[in-house]
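Encoded as structure tokens, the structure appears first; notes follow it.
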Amino acid sequence: MNPSSSIRIHGIHYTLPERQVGLEQLSAEGRLVSTPETMRDFGFGDCRVSNVPATQLASTTLKALLERHGVDPLEVGLLINASVLPTSSLVPSGESLAEFPTGDNAHLGLFRFSSTRLQDELGLSNARTVGLSELGCVSLSHAVWLAHAVMEMEDLKYALCVNADVFPDGIKREVVYNVCSDSACAVLLSRNPEGLRLKTYHTLTRGYYWDPDGHQNELLAAYFPTGKRVLEKTFKASGLAREEIKLLIPHNVSLRSWEILSKFTGIPLEKIYTENIRPKGHSVAADNWINLKDVIDRGLVKKGDHVMMFSFGLGAHWGCSIVQI
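Residue numbers are given in my numbering: position 269 of the sequence shown equals residue 322, and the series is strictly consecutive.
Rendered as structure tokens:
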């Protein structure tokens, strides 16, 4: 990243559905692959289940973020919608989670994009919209990096990034040994010098694992050594020593996997923020940013501290960034 950049992460806001569903209920509904005991051993508890579509979650979250920071929607120059699930990127014909158009014009429902609906609903008339997909759990972090770059090139005042994902009714909630929650999280970028600074961002894609079902065992075997490589490259790019990182802020995949990655990388487990795994579950692409807001709000980091955010997305993509508080 440009060390003299004036772009800052100015605000984060997230929405988690109030409805909490326990592991036993998920199992009884056939929405787990493993037993509740196994998922509990992996560090999971309840997951959050939305009663409204992803677009509605995103709209609520973005509106609250703009109001909290007193930003005029007309001053926003860019909106990046980074929904992961294809069903979250399309707007249902009604407010039902699964109500898509039927009949002769059903094909037009494939073009009801949530990014343009959000622009219209929120009055972001001067913002171009970008739909960012096919990046799995690194989507929101990648959106923030992309918005940062565009703001640098085009001298924009504000940019918004949002991820909102809602699992369709009836589909399993366990994804490769992780229990997934519905959520929405939005990030505001600006030129306010008081914001957080994105110091570096590094990604790595391994297209060989494009089929997570067909290559699941190989993917699990590659996860840890590739994750270690990405972490090391991020440290090198930042010029920081490991001791200078206050916390590693993860995505909320299984606690067991973080215990292994901690030993594999030499990063002490006590420096990895895992407190949100059990109560909030894995929120697809929102975890890093939900956790970052929580550690700031809880006073676990102070101004000047560096935090590292690591994520992995099916597809397969590894991503890591360093943010200065």
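A virtual CB, placed ideally from N, CA and C, is assigned to each residue, including glycine.
Here the structure is a predicted model, which means the values were calculated and not measured.
Taking 4 residues as the shortest admissible run, the stretch 203-276 contains no complete alpha helix (DSSP H) segment at all. When the alpha-carbon of Lys333 is set against those of Ala274, Ala107, Arg84 and Arg101, the nearest one is in Arg101. Using a Cβ-Cβ distance cut-off of 8 Å, the stretch 301-311 and the stretch 319-326 are in contact, since at least three pairs of beta carbons, one from each stretch, lie closer than that value. For a cut-off of 8 Å, the C-beta gap from Val191 to His370 is around 5 Å, short enough to register as a contact. In the structure shown, Lys299 adopts extended strand secondary structure according to DSSP, grouped into three states. Remark: C-beta atoms of Val240 and Ile65 approach each other more closely than 8 Å. Within the model, the alpha-carbon separation for Asp350 versus Asn344 is close to 10 Å. Thr108 has its alpha-carbon roughly 21 Å from the corresponding atom of Asn158. Here the C-alpha atom of Ile302 lies approximately 7 Å from the C-alpha atom of Val360. In the three-state DSSP reduction, Ser112 falls in the helix class (H, G or I).
In this structure Ile224 is exposed. Its beta-carbon is surrounded by fewer than 16 other beta-carbon atoms within 10 angstroms. Around the beta carbon of Lys252, a 10 Å sphere encloses 16 or more other beta carbons of the protein chains shown; the residue is thus reported as buried.
Contact between Gly184 and Ser168 holds: their C-beta atoms lie close to 5 Å from each other, under 8 Å. The beta carbons of Arg61 and Arg244 sit closer together than 8 Å. For Phe365, the CB contacts under 8 Å within the same chain, skipping 5 residues up- and downstream, are Gly189, Cys190, Val191, Tyr276, Gly280, His304, Val306, Trp371 and Gly372 in chain order.
Counting along the chain, no alpha helix (DSSP H) covers Leu131; the unbroken beta strand (DSSP E) around it starts and ends at Val129 to Asn134. Boundaries for Ser374: no alpha helix (DSSP H) harbours it, while the beta strand (DSSP E) harbouring it runs His370 to Gln377, taken from the DSSP string. Below 8 Å, enough C-beta pairs join the stretch 122-137 and the stretch 170-177 to call them touching: three or more.
CA-to-CA, the gap between Asp264 and Val232 works out to about 20 Å.
When the five nearest sequence neighbours on each side are left out, the beta carbons in the same chain lying within less than 6 Å of the beta carbon of Gln377 are those of Arg250, Lys252 and His359, in order along the chain. Within the same chain, no Cβ atom closer than 7 Å to the Cβ of His160 is found once the five residues on either side in sequence are excluded.
When the beta-carbon positions are compared, Pro221 and Thr140 come within less than 8 Å of each other.
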